[in-house]
Structure formats: structure tokens, C-alpha cells
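Trainee: What follows is a single structure, and I will ask about it in a moment.
In my numbering, the protein residues as written are -8 to 72.
In C-alpha cells:
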């Protein structure tokens, strides 16, 4: 799970300001991300995003909320399968 987290952490766009070059499609997300991986991937992505905007609290808070919404949607997609 740790290796998958590291490998997939740049595969999902969680902030519109920082789009991934080749993000996974929704179908690929459901295929490769399961309920066990999701909390690790969410933590990795939020911490990574927070680090980039550490000294800009307004941007950090906005992007943090954006990432949480993305992962809520992913959780719903996984639950639906």
C-alpha cells in the first residue's frame, strides 16, 4: 500500500491550480484505488499540497478543502462499485 500511495500520489488532480500532466480517469481511479488505499493516498496528497503552500495560509486552506472534496467524490465512486 505504501508503494502504491507513493506511485499514485501524482496521478489525481486535487487542486485546479496544480493539474496533473496525465491524471487517472474516473474509471482508472476506481480500478486502482480501493478503500484500503484511499486514506493513505488522501493523507499523502493533502500533506504534499499543504507543503507547497505552507506560508500562504489562504491558498493552503482553499486547496486543502478542494482536495477533501475530490477525495469525498472518489470515496463515493469506490463505494458505488
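Here a beta-carbon is modelled for each residue, glycine too, at the ideal position from N, C-alpha and C.
Would DSSP call residue 53 helix, strand or coil?
Mentor: Counted from its first residue, the chain shown places residue 53 at position 62. In the structure shown, residue 53 sits in a helix (DSSP, three-state: H, G or I).
Trainee: Of all the options 43, 2 and 48, which has the alpha carbon lying nearest to the alpha carbon of residue 61?
Mentor: For the purposes of this step, residue 61 is identified with residue 70 of the chain shown, where counting begins at 1. For residue 61, the nearest C-alpha among the options comes from 2.
Trainee: Any idea what DSSP makes of residue 11, helix, strand or coil?
Mentor: Along the chain shown, one-based indexing puts residue 11 at 20. Reduced to three states, the DSSP call for residue 11 is coil.
Trainee: Just to confirm before moving on: does the CB-CB distance between residue 58 and residue -3 stay below 7 Å?
Mentor: For the purposes of this step, residue 58 is taken as residue 67 along the chain shown, with counting starting at 1. For the purposes of this step, residue -3 is taken as residue 6 along the chain shown, with counting starting at 1. No, the Cβ-Cβ distance between residue 58 and residue -3 is not below 7 Å.
Trainee: Helix, strand or coil for residue 27? Go by DSSP, reduced to three states.
Mentor: Mapped onto the chain shown, residue 27 falls at position 36. Residue 27: coil per DSSP, three-state reduction.
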